[in-house]
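Each residue of the sequence shown is one higher than the last, beginning at 18 in my numbering.
Just so you know, even glycine gets a beta-carbon here, dropped at the ideal spot from N, CA and C.
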Amino acid sequence: MTIAEFLKLADNDTRFIPVNRGIVLNADYIKDIEGSVCVTGNGERFPIKIREKTRIEQSIREYMFKKSEKTSGGEHGRIHKISSGIFQLCHNNT
Numbered sequence: 018m019t020i021a022e023f024l025k026l027a028d029n030d031t032r033f034i035p036v037n038r039g040i041v042l043n044a045d046y047i048k049d050i051e052g053s054v055c056v057t058g059n060g061e062r063f064p065i066k067i068r069e070k071t072r073i074e075q076s077i078r079e080y081m082f083k084k085s086e087k088t089s090g091g092e093h094g095r096i097h098k099i100s101s102g103i104f105q106l107c108h109n110n111t
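This is how it looks when you write it as C-alpha cells:
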C-alpha cells in the first residue's frame, strides 16, 4: 500500500498527518516540533518538509483542539502530551 492509498482510505481521519515523503504520523503521538523534525513521546525524531511546517503545525493544532473538545464535553480541556507511538508507511519502488 502506498502513502497515497493509505491517506485515501483514512480520508476523514485527521489524526494521520503526512510530514515528509513516505512518513505519515499519528497526531496522538506527536509530542513537539523542534525545528525541522517532529518528536514523538518516546523521543523518536522524524524529518518534516520545511515548506510544509506551517501546514503540519496547523493540522496538529486543529486535531488536538477537536480531540480536547470531544474529551472535555466541548469545553477547552488541558491537552496532555501523549507518550510514544508512530505510524509510518514505507513503500519500496520495485
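- Residue 27 counts as exposed, since fewer than 16 other C-beta atoms from the protein chains shown sit within 10 angstroms of its C-beta.
- From the listed residues 34, 46, 84, the smallest Cα separation to residue 70 is found for 34.
- Residue 28 carries a coil assignment under DSSP once its states are collapsed to helix, strand and coil.
- The three-state secondary structure of residue 70, taken from DSSP, is helix.
- Around the beta carbon of residue 19, fewer than 16 other beta carbons lie within 10 angstroms, which makes this residue exposed.
- A Cβ-Cβ distance of about 12 Å is found for the pair residue 41 and residue 65, leaving them out of contact under the 8 Å criterion.
- A residue is called buried when at least 16 other Cβ atoms come within 10 angstroms of its Cβ; residue 44 meets this threshold and is buried.
- Rounded to whole angstroms, the gap between the alpha carbons of residue 88 and residue 81 is 10 Å.
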